[in-house]
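Report on the following structure.
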Ligand code: UDX
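In our numbering, the protein residues as written are 40 to 491.
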């Protein structure tokens with residue numbers, strides 16, 4: 040067993056995936072959540088949500104060393120019985136789109152309560168996404184006030200941003216491309232570095248550890264998500280340029296652009312826009328934060344606006360192809376924000392449905408291989424939920440491909456001809472071979488128009 044034990048305060052994607060990965064490497068972990076049901080599931084060795092490879096890892100821990108991963112409903116106890124505490128609470132978006140630090144505040148208070156009675160040095164690590172200044176001015180201030188202890192003397196303080204993508208959380212945790220450690224002082228950073236040197240071992244040969252101050256580390260995370268969102272929006276802007284003249288194909292253009300070693304081709308796939316729990320939340324949070332400091336960001340405003348407009352644009356394309364769609368049936372293939380998940384948060388499908396309804400298009404059939412249930416929670420009776428691709432396409436006048444699931448990749452033009460009333464198809468993710476489909480059925484793909 041490793042010499043330091045860790046409490047993980049918050050059991051979402053970051054918290055539970057880290058907890059499982061640490062426990063699987065002989066580090067004693069006490070996770071903590073106020074949700075009793077969730078804690079019971081974790082203690083039973085069951086993942087409370089779906090994430091690739093997580094259940095297998097939890098099975099392995101349960102079989103080989105169950106004492107290494109326990110989940111409490113008492114964060115104070117978890118802090119008292121461990122050497123390092125990691126805050127992995129959510130930082131959701133408020134109604135005004137700024138960051139909600141409520142869970143971070145209450146967790147800092149709980150850590151303060153615990154440290155009040157603890158004499159041994161304890162390391163506190165913020166791993167949630169928080170706007171610059173939060174770790175020092177909010178988390179540490181609360182801990183100081185509640186515990187009467189001093190950062191740098193009684194407790195250490197670090198901020199370590201997390202770059203996990205959903206569906207890859209375990210893989211991303213085990214094989215990061217860098218570890219960023221924001222530190223209050225040398226001692227805090229050195230202790231966290233030592234912890235990761237143990238955890239990652241040889242992997243660190245290909246993975247630099249960057250040490251910096253707390254505020255810079257906080258901004259690194261926003262730097263990442265804002266640049267990735269900007270890359271997608273940039274590809275979408277060029278998709279819209281591509282549609283201004285025949286023969287330009289945005290996929291080929293982005294391939295050409297991305298091969299520049301200074302750019303790289305990832306996150307240059309044009310389409311109906313980005314969704315998910317992080318990009319909107321984080322871009323909006325840092326935008327609201329910079330505005331509150333007197334610097335409204337024109338760049339990020341444009342990134343979000345162009346992203347939202349892609350949903351309007353795909354409906355424009357559909358009506359160019361199929362004529363006015365009010366009174367007709369429209370099919371949405373895919374509802375989740377990306378393949379491999381049932382997560383509907385900020386999914387492009389929501390914006391597309393709202394745009395269809397705004398234009399009086401009420402007969403909407405949706406189908407998602409995994410997200411029908413979560414979509415129904417989000418969209419209610421705004422659309423109908425088909426149980427199969429065939430049912431979704433039945434008697435439809437226009438199909439819009441929204442999420443690039445493998446299940447849709449295998450469809451051929453004949454499948455659309457067979458099931459639809461009129462086989463109009465708009466490819467919102469550039470999933471299909473352009474020539475094959477364009478030669479066979481009325482077809483449009485974002486970022487390309489018919490050859491002259
Ligand atoms: C993202 C970041 O990748 C991750 O580092 C961060 O910690 C959390 O946010 P995630 O939201 O899980 O992860 O998904 P990601 O795979 O990044 O995709 C986000 C959205 O962008 C999806 O809707 C996807 O369809 C869209 N996307 C992605 C594009 O439209 N084009 C692309 O080229 C890439």
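Quick reminder that beta carbons are idealized off the backbone N, C-alpha and C, glycines included. Because the structure is a prediction, the values reported are computed rather than measured.
- Residues 168 and 200 of the same chain have their beta carbon placed closer than 6 Å to that of residue 260, with the five preceding and five following residues left out of the count.
- Cβ atoms of residue 368 and residue 436 come within 8 Å of each other, at about 5 Å.
- Secondary structure of residue 463 (DSSP, three-state): strand.
- In the structure shown, residue 269 adopts helical secondary structure according to DSSP, grouped into three states.
- Only residues of its own chain outside the window of five on either side were considered, and among them 306 and 313 have a CB closer than 6 Å to the CB of residue 271, listed in chain order.
- For residue 118, the enclosing alpha helix (DSSP H) starts and ends at 114-119.
- Secondary structure of residue 89 (DSSP, three-state): coil.
- Here the alpha carbons of residue 40 and residue 198 stand approximately 25 Å from one another.
- As computed with DSSP, residue 487 is found in a beta bridge with 484.
- Between residue 322 and residue 268, the beta carbon gap of about 5 Å places them in contact (Cβ cut-off 8 Å).
- The C-alpha of residue 217 lies about 42 Å from the C-alpha of residue 427.
- The Cβ atoms of residue 121 and residue 77 lie no closer than 7 Å to each other.
- Shortest Cα-Cα distance from residue 212 to any of 119, 246 and 412 involves 246.
- For the 7 Å CB-CB criterion, residue 356 and residue 483 form a contact.
- When rounded, the separation of the alpha-carbon atoms in residue 220 and residue 150 is 20 Å.
- Contact annotation, residue 468 with residue 443: C-beta distance approximately 4 Å; criterion of less than 8 Å satisfied.
- Collapsing the DSSP output to three states places residue 60 in a helix.
- In this structure, DSSP gives residue 234 a helical state, which the three-state scheme calls helix.
- Exposure of residue 95 is indicated by the presence of fewer than 16 other C-beta atoms within 10 angstroms of its C-beta.
- When the five nearest sequence neighbours on each side are left out, the beta carbons in the same chain lying within less than 6 Å of the beta carbon of residue 462 are those of 455, 456 and 480, in order along the chain.
- Distances from the CB of residue 320 to the heavy atoms of the ligand UDX are all 6 Å or more.
- In the three-state reduction of the DSSP assignment, residue 222 falls in the strand class, which pools E and B.
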